[in-house]
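Asker: My numbering puts the first residue of the sequence shown at 5, with every later residue one more than the last. The structure under discussion is supplied below as C-alpha cells; questions concerning it will follow.
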Amino acid sequence: MKTKKQIFKDRDIKSNLSAILNLILLLIFIVAIPVYIWVFHRDFIRNIDSIEEVVALLDANKTAAILIYLGMQIMQIIVSILPGQVFQVAAGYYFGFFMGLVYSLTGAAIGTTITYFVAKWLGSNAIEVLFGKEKIDKIVKMLNSNRAYNVVFLLYLIPGIPKDLVGYAAGISSINFRILLVLSIIGRTFGMSGSLLFGYLYAQKQYTLMYIVATIAVMIFLICIIYRKKISKWMENFYNKIG
Numbered sequence: 005m006k007t008k009k010q011i012f013k014d015r016d017i018k019s020n021l022s023a024i025l026n027l028i029l030l031l032i033f034i035v036a037i038p039v040y041i042w043v044f045h046r047d048f049i050r051n052i053d054s055i056e057e058v059v060a061l062l063d064a065n066k067t068a069a070i071l072i073y074l075g076m077q078i079m080q081i082i083v084s085i086l087p088g089q090v091f092q093v094a095a096g097y098y099f100g101f102f103m104g105l106v107y108s109l110t111g112a113a114i115g116t117t118i119t120y121f122v123a124k125w126l127g128s129n130a131i132e133v134l135f136g137k138e139k140i141d142k143i144v145k146m147l148n149s150n151r152a153y154n155v156v157f158l159l160y161l162i163p164g165i166p167k168d169l170v171g172y173a174a175g176i177s178s179i180n181f182r183i184l185l186v187l188s189i190i191g192r193t194f195g196m197s198g199s200l201l202f203g204y205l206y207a208q209k210q211y212t213l214m215y216i217v218a219t220i221a222v223m224i225f226l227i228c229i230i231y232r233k234k235i236s237k238w239m240e241n242f243y244n245k246i247g
C-alpha cells in the first residue's frame, strides 16, 4: 500500500508530465505555425511589407480574398508575426470601409477565441513556461482584479500598448470569456476603423481627408489618455449591465 508521501509524489510526477505534454502541444501550436510559414511560404511573408503588396495578393486571389484576409487577421493575433495595421489599411483599400471592418472584427474575434481556449485547455504551467511566468502572472493579476474589464477595454482601445498575450493570459484567469470578447471587439473597433478608413480614402485618392483622419486619430488617442479615469468609470457601469 502506498504511503501519503508516495501518493503525492505520483501526483507531482503526473502533474509535471501533463505540464510538459501541454507545453509541447503549445509549442507546436505557437512555434510550428510561423516556422512552417517561414520555411514553405517565405515569399508570402516577404511580399506583405506594404499596402500595395497586400492588395495585390488579395486581388490575385479574388475568390479566396475574404478567407485569406480572415486568416491573416487570425494569425496576427495567434502568433503575432504579421503586421496587423498594414493588413487593416489594405482591407479598407480592397474591401471598402464597412466590409473591411466586418472582416477585421470577425478575424479578431476568432483569433481571441482561439488564444483564450487554447490557454484554458493547456493550462497555466505551459503558458507560463512559454511566455514567461513573471510576464503572464502580471497580466493574470490584472485580469483577476476588480478593474479587470476596464483594463481589458483600455488595452484594446489604446494603440501601441502590447496586447499579444492578453488572450492567452485571459484563458488561465478568472475573467468571463463572453465579456472579454465583447470588450476586445469594442476596444479594437476604434483603432481598426481608423486604419480601414485610411485605406479606403487612399483607394479613393482622398489625400486631404486621409490627413484629417490621421489628425482625428491622434486627438482620440490623447483624449483616451487624458480621460482614462472617466472611461474606466463608464466601463464599470457597462460591466454592471452585461455582467
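All residues carry an ideal CB built from backbone N, CA and C; glycine is no exception.
Would you kindly work out how many angstroms separate the C-alpha atoms of Asp14 and Asn129, rounded to a whole number?
Answerer: Translated into the one-based positions of the sequence shown, residue 14 becomes position 10. Translated into the one-based positions of the sequence shown, residue 129 becomes position 125. Only weak support is given to the placement of Asp14: the predicted model assigns it a pLDDT of 48, under 50, and the question is left unresolved by the model.
Asker: Since Gly203 and Gly75 should fall inside the 8 Å C-beta cutoff, what is the C-beta to C-beta distance between them, to a whole number of angstroms?
Answerer: Counting from one through the sequence shown, the residue named residue 203 turns up at place 199. Counting from one through the sequence shown, the residue named residue 75 turns up at place 71. In fact, because the Cβ distance is near 18 Å, the residues do not count as touching under 8 Å.
Asker: What is the residue span of the alpha helix (DSSP H) that Tyr107 lies within?
Answerer: Residue mapping note: residue 107 aligns to position 103 of the sequence shown, counting from 1. Note, Tyr107: alpha helix (DSSP H), Phe101 to Leu126.
Asker: Below 6 Å CB to CB, which residues in the same chain sit around Gly111 once its five sequence neighbours on both sides are set aside?
Answerer: Numbered from 1 along the sequence shown, position 107 holds the residue referred to as residue 111. Closer than 6 Å at the Cβ level, and outside the excluded window around Gly111, lie Leu74, Gln77 and Ile78.
Asker: Less than 8 Å between the CB atoms is what I'm expecting for Val170 and Leu187, so what's the real figure, rounded?
Answerer: As a first step, residue 170 is located in the sequence shown; it is residue number 166 there, counting from the start. As a first step, residue 187 is located in the sequence shown; it is residue number 183 there, counting from the start. 10 Å between Cβ atoms; not a contact.
Asker: Apart from the five residues on each side of it in sequence, which residues of its chain come closer than 8 Å, Cβ to Cβ, to Ile229?
Answerer: If you number the sequence shown from 1, residue 229 lands on position 225. Excluding sequence neighbours, Ile229 sits near Ile162.
Asker: By alpha-carbon positions, which one of Ala221, Leu200 and Leu205 ends up nearest to Met103?
Answerer: As a first step, residue 103 must be located in the sequence shown, where it is residue number 99. Of the candidates Ala221, Leu200 and Leu205, the one whose C-alpha sits nearest the C-alpha of Met103 is Leu200.
Asker: What does a CB cutoff of less than 8 Å around Ile72 pick up in its chain, not counting 5 residues either side in sequence?
Answerer: As a position in the sequence shown, residue 72 is number 68, starting the count at 1. Cβ within range, chain order: Leu61, Leu62 and Asn65.
Asker: Exposed or buried, Ser108, counting other C-beta atoms within 10 Å across all chains shown (16 or more means buried)?
Answerer: Position 104 of the sequence shown, counted from the start, is the residue given in the question as residue 108. Looking at its Cβ environment, which holds 16 or more other Cβ atoms inside 10 Å, Ser108 is buried.
Asker: So, helix, strand or coil for Ser188, using DSSP?
Answerer: By 1-based counting over the sequence shown, the position of residue 188 is 184. Here Ser188 sits in helix by DSSP.
Asker: By the 10 Å Cβ neighbour count, where 16 or more other Cβ atoms means buried, how is Phe99 classified, buried or exposed?
Answerer: Position 95 of the sequence shown, counting from 1, holds the residue named residue 99. Burial call: buried.
Asker: Pick out the complete alpha helix (DSSP H) segments inside the stretch 125-169, 4 residues or longer, and give them in chain order.
Answerer: As far as the stretch 125-169 is concerned, its whole alpha helix (DSSP H) runs of at least 4 residues are 128-135, 137-147 and 152-161.
Asker: Quick check on DSSP: helix, strand or coil for Val83?
Answerer: Looking up residue 83 in the sequence shown gives position 79. Looking at Val83 - three-state DSSP - the assignment turns out to be coil, as it is neither helix nor strand.
Asker: If you reduce the DSSP assignment to three classes, tell me which class Tyr231 lands in.
Answerer: Your numbering for residue 231 matches position 227 in the sequence shown. Coil, per DSSP.
Asker: Would DSSP call Ile176 helix, strand or coil?
Answerer: Mapped onto the sequence shown, residue 176 falls at position 172. Reduced to three states, the DSSP call for Ile176 is coil.
Asker: Does DSSP put Lys66 in a helix, in a strand, or in coil?
Answerer: By one-based count along the sequence shown, residue 66 stands at place 62. Lys66 falls in the helix class under three-state DSSP.
Asker: Of all the options Ile183, Thr117 and Glu132, which has the alpha carbon lying nearest to the alpha carbon of Arg151?
Answerer: Working through the sequence shown from its first residue, we reach residue 151 at position 147. Checked all of Ile183, Thr117 and Glu132; the closest Cα to Arg151 is Ile183.
Asker: Is it right to say Gln10 is buried, meaning 16 or more other beta carbons lie within 10 angstroms of its own, or is it exposed?
Answerer: Sequence index remark: in the sequence shown, residue 10 carries index 6 (1-based). With a pLDDT of 49 at Gln10, under the threshold of 50, the modelled position of that residue is not reliable, and the figure given next carries that caveat. That one is exposed.
Asker: Could you check how far apart the C-beta atoms of Val144 and Ile176 are, in whole angstroms? I think they sit under 8 Å.
Answerer: Taking the sequence shown and counting its residues from 1, the one referred to as residue 144 is at position 140. Taking the sequence shown and counting its residues from 1, the one referred to as residue 176 is at position 172. 6 Å between Cβ atoms; contact.
Asker: Taking the alpha carbon of Lys167 as the reference point, which residue from Ile227, Phe91, Tyr120 and Leu213 has its own alpha carbon closest?
Answerer: Taking the sequence shown and counting its residues from 1, one reaches residue 167 at position 163. The shortest C-alpha separation from Lys167 is found at Tyr120.
Asker: Enumerate in chain order the residues of its own chain whose CB-to-CB distance from Gly191 is below 6 Å, with the five nearest sequence positions on each side excluded.
Answerer: Translated into positions along the sequence shown, residue 191 becomes position 187. Excluding sequence neighbours, Gly191 sits near Phe157, Tyr160 and Leu161.
Asker: Express the C-alpha separation of Ala69 and Asn154 in angstroms, rounding to a whole number.
Answerer: As a first step, residue 154 must be located in the sequence shown, where it is residue number 150. As a first step, residue 69 must be located in the sequence shown, where it is residue number 65. Approximately 35 Å, taken between the alpha carbons.
Asker: For the putative contact between Val58 and Phe91, defined by C-beta atoms under 8 Å, what is the C-beta separation to the nearest angstrom?
Answerer: Your numbering for residue 58 matches position 54 in the sequence shown. Your numbering for residue 91 matches position 87 in the sequence shown. Indeed, because the Cβ distance is near 6 Å, the residues count as touching under 8 Å.
Asker: Could you name the residues of the same chain whose beta carbon sits closer than 8 Å to that of Ile55, not counting the 5 residues immediately before and after it, in chain order?
Answerer: Residue mapping note: residue 55 aligns to position 51 of the sequence shown, counting from 1. For Ile55, where only same-chain residues beyond five positions count, the Cβ hits under 8 Å are Val90, Val93, Ala94, Tyr97, Gly203 and Tyr206.
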